[in-house]
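Protein chains in written order, with the numbering used here: chain Y, 3 to 647; chain C, 335 to 836.
All C-beta atoms, glycine included, are put in the ideal place defined by N, C-alpha and C.
From a predicted model like this one, the values you see are computed outputs, not experimental measurements.
Worksheet: the structure to be examined is printed underneath.
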Amino acid sequence: MVESAIGLVLAPLASFILISFVTRRAAILSAVISIAAAGISFALSLSLLVGVLSAPAGAGLAAGAHASIQWLSIPSIGRFRGLEIAMGVLVDPLSATMSVIVSLVAFLVTIYSLGYMKGDPGFSRYFSYLSLFAFSMLGLVIADNYFQTFVFWELVGLCSYLLIGFWYAKPSASDAARKAFVTNRWADFAFMVGVILLFIFFGTFDFGQLSSAIAGARGSAMLALVAALVFVGPLGKSAQFPFHVWLPDAMEGPTPVSALIHAATMVAAGVYLIARGFALFQSVPGVMETMAYLGGFTALFAASIALVQKDIKRILAYSTLSQLGYMFMALGVGSMSAGMFHLTTHAFFKALLFLGAGSVIHATEEQDIFKMGGLGKKMKITAWTFVIGALALSGIFPLAGFWSKDEILFASLSSGHIGLYVLGIAVAFMTAFYMFRLIFTAFGGTAFGGTASGGEPTEHAHVHESGPAMTIPLIVLAVLSVFAGLIGSPWFQSAFGFSFGSFIFFGRPEASHLDMTTASISTVVALSGIFLAWLVYGKKLLKAERIAAALGPLYRLLDHKFYIDEIYAWVFAKIMLGLGIVFDWIDHYIVDGLFDGLGGATRALGRKLRLTQSGRLQGYALVIFAAVAIAVVFISTDLLGGFLK
Amino acid sequence: MIGFHPLPAILLSPFVGAVLLLFVPEGRRNLIRAIALAAATVSLVLAVAAMIFYDRAAGGMQFVEHYSWIPSLGVHLDLGVDGLSLPLVLLTAIIIFAGVFVTWRLESRSKEFFIYALALVGGVFGVFMSMDLLVLFMFIEIAVIPKYVLISVWGSTRKEYAAMKYTMYLLSGSAVALVAIVAIFAYAHDPAHGLGIWTFDLAALSTIHFDPAFQKFAFFLMLLGFGVLIPIFPLHRWTPDGHSAAPTAISMLLAGVIMKLGGYALIRVGIGLFPEGAHFWAPLIAVLAAVNAVYIAFVAMVQKDLKFVVANSSISHMGFVLIGIASLNATSMDGAVAQMFAHGIMAALFFAIVGLVYDKAHTRVIADLGGLAHQMPRVSAAFLIAGLASLGLPGMFNFVAEFTVFTGAIQVFPVLAVVAIFSVVVTAIYVLWVFQRVFFGPRNPKWDHLKDARGVEMVPIVVLAAVLIGFGLYPRAIMDTITGGILPLAQHVASLGIGGPF
């Protein structure tokens with residue numbers, strides 16, 4: 003099992019090295035290698051999952067496997083800690099499931115990219131980055147300790163940077179890439195300090211050893227400090243408020259990348275880390291509450307922005323933020339199962355939606371939904387799979403999102419977070435509305451040109467369905483988006499004797515249930531969101547412009563994404579750069595001034611002293627005489643300590 | 335290993351090369367290059383061999399050589415390396431090897447250039463190998479002086495001012511350090527407190543328990559004297575001008591090894607002889623280290639010239655070395671030495687790339703460049719690797735070094751360490767910003783004539799990047815050696831009951 007785990011990480015690494023150094027110029031070969039590597043990883047991760055599933059029930063960690071090697075060792079001396087770092091693999095239900103999700107989506111996206119990236123001058127480079135990402139992400143998933151997690155955490159950040167800025171000639175893309183990396187750096191700064199302190203307090207990075215060590219430190223201030231610091235890392239990676247700003251901009255990257263990295267897997271790494279380190283977070287109630295409310299807030303905040311966006315990818319990006327918020331909320335109210343369950347289903351339907359959007363963009367070369375329209379007739383597979391993805395995201399029975407979203411809502415209700423429960427339902431309404439606003443606008447209707455009525459389509463006349471490399475992954479993901487939720491359903495439990503909640507859990511297994519109240523409310527709410535979207539954008543009975551005008555300031559606030567980006571830009575330009583300019587000035591004028599002044603004074607003194615070396619004998623004689631006279635006076639006068647007498 | 339005497343050959347190889355070059359006519363450029371390369375290669379191969387054959391289990395000074403020089407004053411040419419100095423010897427050998435390739439195409443007076451450069455490197459080797467305090471100090475001077483000529487003859491951008499500034503700063507530092515060395519010499523001769531003999535032998539000197547007041551005094555002088563080399567704020571202003579004015583290979587040596595002489599001497603002599611003095615001044619060093627790391631990072635952010643960015647970035651990174659030294663525990667000092675090595679390689683790579691860009695585009699002004707990734711994808715990739723090492727990305731040895739420093743330092747100076755760690759954020763901002771402005775953006779036809787790096791130009795990039803990534807993936811290959819060198823020192827410090835307030 004350990005060999006499989008190592009193999010599934012190393013296969014994409016080998017692909018990255020091979021493409022970078024050998025097959026750079028052979029574009030198709032590079033793609034084939036990358037797809038093969040992702041395929042190998044997927045097959046190996048399936049074998050891990052099967053291995054873990056076939057272990058006897060209740061085996062716990064013994065169901066998996068754990069192995070590590072020492073990577074760095076500095077002994078402790080006296081009161082000071084040394085440093086003991088290991089690199090290892092940890093196979094358990096959580097990591098096995100996550101590696102299946104990651105490698106499956108990576109595999110599908112790599113195949114899809116074959117069609118999407120066709121003819122791009124950076125074709126090989128693109129596939130090498132995808133493989134590097136798969137390596138880093140899988141390395142993160144099977145890591146057995148916080149240090150290793152941090153290492154791969156940063157590497158996935160690098161891949162994200164490289165892929166967002168893939169089309170580096172575009173200034174907007176390179177800006178977005180840098181913004182993503184730097185925003186994450188702020189968060190990772192706290193994360194790294196947290197990881198270091200964790201080691202200093204407990205003497206290990208190992209997840210297993212820590213969970214027992216932490217149990218003994220409950221209630222201490224240092225534990226709270228560490229948990230809070232480590233928690234900031236996931237906030238950055240999963241783009242939770244106030245670190246959310248990078249994710250919408252990250253849509254500058256190629257769309258398959260948005261699907262893989264910025265929807266399905268990397269952004270979910272924050273959720274995964276919290277699940278992995280649940281022992282740490284769960285032992286500090288303050289952090290858990292913060293997590294729940296910050297997640298809930300981000301869910302609402304991002305969904306509200308998604309209501310007014312016009313760019314198809316940005317709508318989906320804000321939707322991702324919102325759904326990640328849901329997952330944080332689930333973890334925060336104490337249900338690791340619900341959080342991970344939603345991560346799983348979301349990975350499938352959001353990857354599907356992004357790949358669908360990619361198919362649309364590929365065909366129309368357009369991202370503004372109001373410049374699309376009528377695509378449903380021209381791109382049947384894309385349209386139908388997109389609708390399935392949207393229904394799954396909206397939480398319509400019996401699609402994947404229905405099960406996981408209800409699981410989250412139920413978890414917040416049963417843990418006594420009524421406020422979050424209501425908030426979650428409101429978000430469900432908004433989600434259904436913005437998704438079907440998108441669908442009715444882009445896929446519905448007949449004419450292009452959005453609100454401009456009657457205009458005959460000319461520029462999009464060539465639009466047609468994408469090729470099989472792109473549609474097959476869409477179909478596979480659509481199937482998963484329909485059925486993946488069933489693994490968390492009571493029917494699955496009664497049929498197979500276990501379900502998602504009894505497979506991945508913290509503390510005690512969670513039984514799957516169907517809370518009829520929650521299910522009814524959420525279904526009614528989702529359907530009314532779809533209905534309202536149909537009224538406004540399908541039937542156009544309500545004029546969208548009139549609604550926007552009526553909401554005036556609120557609309558502008560949402561349109562400007564609450565001005566958060568503007569605030570950050572101001573802080574960077576005025577405070578960060580301002581400090582740089584001030585410090586640079588100090589360096590040049592104060593520090594340099596001080597030492598140049600010292601040099602200048604020395605030189606000036608030299609210039610004066612030079613005058614004494616005049617070469618005139620009379621002058622020297624006078625000085626000698628004066629010196630002798632003074633010396634004699636000195637040594638012969640009592641008052642001055644003379645000793646001649 | 336019996337019969338393996340690498341140190342004299344490593345040390346002499348550059349000097350022999352320099353002397354041989356004296357007899358080569360200026361016009362024979364291939365021969366000149368061949369001699370320089372041969373000298374650098376001999377040192378590199380033997381340094382790698384020494385690294386491999388160094389007995390980590392035994393630790394301590396190995397490959398020891400004794401030559402008496404001025405017996406009446408107790409001055410000996412005693413050579414030896416331990417876990418502290420061996421990695422730095424390797425660092426020096428790698429950088430001069432890369433530096434020869436960087437200078438491969440130098441047209442003007444390449445003979446004299448290599449003579450001075452090799453003499454400088456010989457001096458650096460001498461510092462790291464010398465077990466005698468006076469000889470160590472003399473080698474520092476040998477390493478420092480050729481720089482003046484190298485900058486003022488082959489330099490650019492206000493080179494005379496920079497060369498003079500550099501020399502004045504470093505010689506003033508040396509003068510201060512020399513006072514301390516003479517004081518130590520006198521103290522050791524004192525039969526009541528010292529040993530009663532004339533000696534500069536560091537091992538013998540370290541057996542003396544110096545009077546605490548003397549320790550405070552002498553360590554402070556060393557801090558001033560060697561602090562200029564590191565450089566420590568506010569003695570750092572020679573660095574940006576000096577680096578920017580120096581020719582590429584010399585910038586590489588300056589940032590790569592000359593700056594490390596200070597850190598090395600401060601650990602070897604400062605902490606080795608005066609642990610209590612070091613402990614007394616540690617809070618000051620830690621404060622200045624945090625200033626170095628963060629303040630200079632902000633300064634680097636607003637520079638307009640590529641080389642000034644990298645030069646300031648070097649000062650900022652030396653802040654990590656300083657806080658590692660100030661924290662005085664095994665982990666932090668281990669990290670400090672590792673950081674010296676990692677930063678040396680990374681800075682050399684950075685300067686090699688900036689030099690390449692400058693050679694081709696004839697400008698280093700960031701605003702004039704842009705979109706170079708279109709014309710120079712390899713140079714762009716290499717810059718990114720150096721940049722990622724600089725911002726401490728895992729997978730690079732710099733990350734291992736920084737993480738180790740932080741782990742050690744946060745136990746002693748929690749607040750200052752966190753302030754210093756914050757510079758990784760600022761570094762990420764300026765490195766990626768510079769990278770974006772120079773290499774990203776639309777293709778600029780003005781640069782279409784630029785050729786990507788190839789042939790000999792790729793040698794330094796490949797060698798330096800491979801070292802950063804290689805040790806980054808498997809740090810034990812070097813960290814265990816460093817730990818072996820630091821442990822005795824850390825144990826000695828710990829035995830005095832010195833420790834921070836954590």
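Can you list the residues of chain Y that residue i reaches, using a CB-CB cut of under 8 Å?
{"i": "C/R777", "result": "A171"}
{"i": "C/L722", "result": "L160"}
Looking at the unbroken alpha helix (DSSP H) that takes in residue i, where does it start and where does it end?
{"i": "Y/I663", "result": "Outside the shown range of chain Y (3 to 647) lies residue 663 of chain Y, about which nothing can therefore be said."}
{"i": "Y/Q620", "result": "619-638"}
{"i": "Y/F125", "result": "125-144"}
{"i": "Y/A67", "result": "Here Y/A67 belongs to no alpha helix (DSSP H); instead the beta strand (DSSP E) covers 67-76."}
{"i": "C/I485", "result": "467-488"}
{"i": "C/M610", "result": "Correcting the residue type first, residue 610 of chain C is Glu in the shown sequence and not Met. Element bounds for C/E610: 609-624."}
Which residues of chain C have a Cβ atom closer than 9 Å to the Cβ of residue i, listed in chain order?
{"i": "Y/I263", "result": "Here the premise fails: no neighbours, minimum Cβ distance about 17 Å."}
{"i": "Y/V184", "result": "V759, A762, I763, L766, W767"}
Starting from residue i and walking both ways along the beta strand (DSSP E), at which residues does that stretch end?
{"i": "Y/E86", "result": "85-93"}
{"i": "C/W532", "result": "That residue, C/W532, is in no beta strand (DSSP E); it is neither H nor E in DSSP."}
{"i": "C/V415", "result": "413-415"}
For residue i, go through chain Y and note every residue whose CB falls closer than 9 Å to its CB, in chain order.
{"i": "C/A520", "result": "Within chain Y, no residue comes near C/A520; the closest Cβ sits about 27 Å away, beyond 9 Å."}
{"i": "C/T738", "result": "L74, I76, L85"}
{"i": "C/Y388", "result": "Residues of chain Y passing the Cβ test: none, with the nearest at roughly 17 Å."}
{"i": "C/R810", "result": "Q72, W73, L74, S75"}
Output yes or no for whether 8 Å exceeds the beta carbon distance between residue i and residue j.
{"i": "C/T817", "j": "C/G742", "result": "no"}
{"i": "C/I601", "j": "C/M667", "result": "yes"}
{"i": "C/A373", "j": "C/V409", "result": "no"}
{"i": "Y/G2", "j": "Y/G426", "result": "Residue coverage of chain Y in this structure runs from 3 to 647, which leaves residue 2 of chain Y outside it and unanswerable."}
{"i": "Y/M246", "j": "Y/L323", "result": "The amino acid occupying residue 246 of chain Y in the given sequence is His; Met does not appear at that position. Yes, they are a contact pair."}
{"i": "Y/G336", "j": "Y/S417", "result": "yes"}
{"i": "Y/T525", "j": "Y/F399", "result": "yes"}
{"i": "Y/L99", "j": "Y/L51", "result": "The question names Leu, but residue 99 of chain Y in the sequence shown is Thr. Yes. Within cutoff."}
{"i": "Y/I583", "j": "Y/P95", "result": "no"}
{"i": "C/L539", "j": "C/L467", "result": "yes"}
{"i": "C/L484", "j": "C/Y521", "result": "no"}
Along chain C, in chain order, which residues have C-beta atoms closer than 7 Å to that of residue i?
{"i": "Y/R180", "result": "L766, W767, Q770"}
{"i": "Y/M338", "result": "The contacting residues do not exist; Y/M338 stays about 27 Å from chain C at best."}
{"i": "Y/F597", "result": "R571"}
{"i": "Y/M224", "result": "Within 7 Å Cβ-Cβ: nothing; Y/M224 doesn't reach chain C, min ~11 Å."}
Assign residue i to buried or exposed, taking buried as 16 or more other Cβ atoms, counted over all protein chains shown, within 10 Å of its Cβ.
{"i": "C/I657", "result": "buried"}
{"i": "Y/W493", "result": "exposed"}
{"i": "Y/T604", "result": "exposed"}
{"i": "Y/A33", "result": "buried"}
{"i": "C/G834", "result": "Note on C/G834: pLDDT 47, under 50, position unreliable in the model; the coordinate value appears next. With 16 or more Cβ atoms within 10 Å of its Cβ, C/G834 is classed as buried."}
{"i": "C/W488", "result": "buried"}
{"i": "Y/R278", "result": "buried"}
{"i": "Y/S321", "result": "buried"}
{"i": "Y/M3", "result": "buried"}
{"i": "Y/R558", "result": "exposed"}
{"i": "C/T541", "result": "exposed"}
Can you pull the chain C neighbours of residue i, defined as C-beta to C-beta under 8 Å?
{"i": "Y/L142", "result": "Here the premise fails: no neighbours, minimum Cβ distance about 11 Å."}
{"i": "Y/W188", "result": "V759"}
{"i": "Y/L200", "result": "Ordered by position in chain C, no residue passes the 8 Å Cβ test against Y/L200, which lies about 11 Å from the chain."}
Just to make sure I have the definition right: I need the residues of chain Y whose C-beta is within less than 7 Å of the C-beta of residue i. Which are they?
{"i": "C/M502", "result": "G601"}
* Asked: Taking only runs of the alpha helix (DSSP H) that begin and end inside the segment 224-278 of chain Y, which ones reach a length of at least 4 residues, in chain order?
  -> As far as the segment 224-278 of chain Y is concerned, its whole alpha helix (DSSP H) runs of at least 4 residues are 248-251, 257-261, 271-278.
* Continuous alpha helix (DSSP H) assignments of at least 4 residues falling wholly in the segment 651-699 of chain C -> Counting whole runs of 4 or more residues, the segment 651-699 of chain C contains the alpha helix (DSSP H) stretches 664-695.
* Asked: Which runs of the beta strand (DSSP E), 3 residues or longer, sit entirely within the segment 396-426 of chain Y?
  -> As summarised for the segment 396-426 of chain Y, there are no continuous beta strand (DSSP E) elements at least 3 residues long confined to that stretch.
* What are the complete alpha helix (DSSP H) segments, minimum 4 residues, inside the segment 358-405 of chain C? -> Within the segment 358-405 of chain C, the complete alpha helix (DSSP H) runs of at least 4 residues are 363-387.
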